[in-house]
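Quick look at the structure:
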C-alpha cells in the first residue's frame with residue numbers, strides 16, 4: 016500500500032505549505048540591527064593619527080556605543096556587535112584618545128605593573144561633553160574623517 020495514498024490530501028497540503036513558509040522564513044531572516052558601515056581617517060595636527068581609540072556615543076540611549084581604533088595610517092572602522100559591522104543609524108557624540116608609550120598588550124604576570132602612556136591628544140577630545148565632535152550615521156557606507164587640533 017502506498018503511503019501517500021493513505022495520507023489525507025488536505026493534511027499533505029498543510030504540511031507542504033508549512034514547509035515552504037519555514038524555508039522562506041529562514042531564507043529571509045537576517046540580523047538587521049539597523050547598522051551601517053562606518054570608516055574614516057583621523058588627523059591630528061594635519062597628520063594621520065596612529066593607534067588612537069575612537070568612540071561613537073549615541074544620542075539614543077538604547078543604542079550601543081560603537082568603537083574603533085586607528086591603524087598606522089590613521090584609518091578606523093567601527094564595531095558594535097561584530098568586528099567592523101559599523102554603528103546604528105543615528106546621531107553621535109565622538110571621543111578620540113591616543114597615547115604614546117605604554118604597552119596595551121598585557122601579559123598576566125605584568126598586568127599589575129601596567130603604566131599608561133602619555134596622552135598625545137588634547138584631553139577635551141576624551142569626553143563627549145567637551146570634544147565638540149559629532150557625526151550622523153546614515154543608511155549607507157559612511158566615511159567620516161576627523162581633523163583634530165590643539
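In this note's numbering, the protein residues as written are 16 to 165. Ideal Cβ placement from N, Cα and C applies to all residues, glycine included.
With 16 other CB atoms within 10 Å as the buried threshold, where does residue i fall?
i: residue 103; result: buried
i: residue 152; result: buried
i: residue 89; result: buried
i: residue 98; result: exposed
i: residue 83; result: buried
i: residue 127; result: Note that residue 127 scores a pLDDT of 46, beneath 50, so its modelled location is shaky; the value from the coordinates is reported in the next line. Exposed.
Assuming the contact rule is C-beta atoms closer than 8 Å, residue i and residue j should be a hit. Round their C-beta distance to whole Å, please.
i: residue 136; j: residue 112; result: 6 Å
i: residue 50; j: residue 100; result: 6 Å
i: residue 115; j: residue 133; result: 5 Å
i: residue 56; j: residue 160; result: 5 Å
i: residue 78; j: residue 105; result: 6 Å
Looking at C-alpha atoms only, which residue of the options is the closest neighbour of residue i?
i: residue 54; options: 48, 70, 60 and 62; result: 70
i: residue 91; options: 58, 165 and 72; result: 58
i: residue 108; options: 145, 85, 77 and 96; result: 145
i: residue 74; options: 65, 140, 142 and 149; result: 149
i: residue 67; options: 147, 110 and 105; result: 110
i: residue 140; options: 72, 64 and 163; result: 163
i: residue 143; options: 80, 96 and 48; result: 80
Under a three-way DSSP split, which group does residue i fall into?
i: residue 163; result: strand
i: residue 141; result: helix
i: residue 87; result: coil
i: residue 63; result: strand
i: residue 50; result: strand
i: residue 79; result: coil
i: residue 69; result: strand
i: residue 115; result: strand
i: residue 136; result: coil
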